[in-house]
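Q: Provided herewith is a single structure, encoded as structure tokens, for subsequent inquiry.
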Amino acid sequence: MDQHEQPVETPGLASERLDTLLRALAAEPRRMIYTYLAEHDSASIAELTDVVVGWSSARGRDTDARNWDDTRTSLHHRHLPVLDDAGVISYDAAQRTATLASLSPSTAEVLATITDLDTAETDHED
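As structure tokens, this is what we get:
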């Protein structure tokens with residue numbers, strides 16, 4: 032941190048909770064899922080797969096039908112359970128639906144900051 036930077040304050044958010052949120056949103060597909068659910072509240076795994084594949088394609092990543100199946104499997108077995116364990120979403124594996132969890136204002140602020148930084152970084156890649 033240089034002399035002009037101020038430390039980030041997260042009032043009401045314990046460092047353990049902050050670590051959990053940072054780990055949960057460390058992977059790009061999980062940031063995409065959070066961003067989508069923050070606007071739509073809930074979605075099926077098929078809808079989230081379309082979002083992740085579509086947004087990845089828009090960001091210049093190669094996508095194809097096999098990638099869609101791989102992405103859906105990855106969401107079901109890895110990404111959605113991680114977000115569920117972190118308390119960011121509720122994932123019903125049997126129904127294959129995800130719903131945004133009820134988040135405290137400080138948690139929502141941290142998640143919004145992370146996704147805003149991701150969006151800003153993606154905008155600079157163009």
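Residue 32 is where the sequence shown starts when you use the working numbering, and the numbers rise one by one after that. Positions of the beta carbon are idealized from the N, C-alpha and C atoms, including for glycine.
Can you confirm whether the segment 68 to 78 touches the segment 108 to 127 when touching is taken to mean that 3 or more C-beta pairs between the two stretches lie within less than 8 angstroms?
A: Yes: the two stretches touch, three or more of their Cβ pairs being nearer than 8 angstroms.
Q: Compare the C-alpha of V83 against each of A69, R62 and L131 and name the closest.
A: Here residue 83 refers to the residue found at position 52 when the sequence shown is read from its first residue. Among A69, R62 and L131, the Cα nearest to that of V83 is on R62.
Q: With DSSP as the reference, identify every bridge partner of Y122, one or two as the case may be.
A: By one-based count along the sequence shown, residue 122 stands at place 91. Y122 is bridged to A129.
Q: Suppose you measure from the CA of L106 to the CA of T80; what does that come to, to the nearest Å?
A: Stepping through the sequence shown from its first residue, residue 106 is reached at position 75. Stepping through the sequence shown from its first residue, residue 80 is reached at position 49. Roughly 7 angstroms between the two C-alpha positions.
Q: L44 and A129 - do their beta-carbons sit closer together than 8 angstroms?
A: Counting from one through the sequence shown, the residue named residue 129 turns up at place 98. Counting from one through the sequence shown, the residue named residue 44 turns up at place 13. No. Outside cutoff.
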